[in-house]
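Here's the structure we're looking at; comments come further down.
Residue numbers (this note's numbering): 4 to 148.
The structure is reproduced here in structure tokens:
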């Protein structure tokens, strides 16, 4: 599984991807999406950070056709541009006493909100809650960079 959260803010591109850190997500069949990413690799001058994006949608969304393995195009994807999205981004630093990266200072972006977020589900086999983590291992991590 792969995932990506990319944020442009004040002239900086924050890229949370598996080859520089880790990603995780929790997606309901409809109505709630949670994405979290951490950049934990400073090679190439990357900035250590953690980002969280939470989207909700109370609207029913629009049913769309999507390709299926055996039945061609079927109505089983859903999307909307009425998603409520909240984004928070923190700088990270290494804490010797805890032996891990921790959030430092106030958030760089503190709960930025939009009520015009694009949200989507569909395709399967995600008929239930879809949760995942993406942590890329070597040598693939090296090859992708």
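In this text, a Cβ means the ideal position worked out from N, Cα and C, and glycines have one as well. Being a predicted model, the structure only gives us computed values, none of them experimental.
Cutoff 6 Å; reference residue i; Cβ partners in own chain excluding five residues on either side
i	result
residue 25	41 and 138
residue 39	27 and 55
residue 35	59
residue 98	105
Check: residue i C-beta below 7 Å from any heavy atom of the ligand SAM
i	result
residue 56	Ligands displayed in this structure: none; no statement on the ligand SAM is therefore possible.
Short Cβ contact (8 Å threshold) for residue i with residue j
i	j	result
residue 89	residue 57	yes
residue 53	residue 106	yes
residue 65	residue 78	no
residue 6	residue 16	no
For residue j and residue i, the rounded distance between their alpha carbons
i	j	result
residue 103	residue 110	18 Å
residue 70	residue 23	32 Å
residue 118	residue 76	30 Å
residue 83	residue 125	12 Å
residue 91	residue 72	37 Å
residue 93	residue 81	31 Å
residue 51	residue 18	10 Å
residue 14	residue 74	46 Å
residue 114	residue 44	25 Å
residue 108	residue 95	9 Å
Those residues which DSSP pairs with residue i across a bridge
i	result
residue 60	Per DSSP, none; premise fails for residue 60.
residue 40	26 and 54
residue 134	29
residue 76	70
residue 113	Looking at the DSSP assignment, residue 113 forms no beta bridge with any residue, so it has no partner.
Proximal residues to residue i (C-beta, below 8 Å), its chain only, five neighbours per side dropped
i	result
residue 131	32
residue 12	92, 111 and 112
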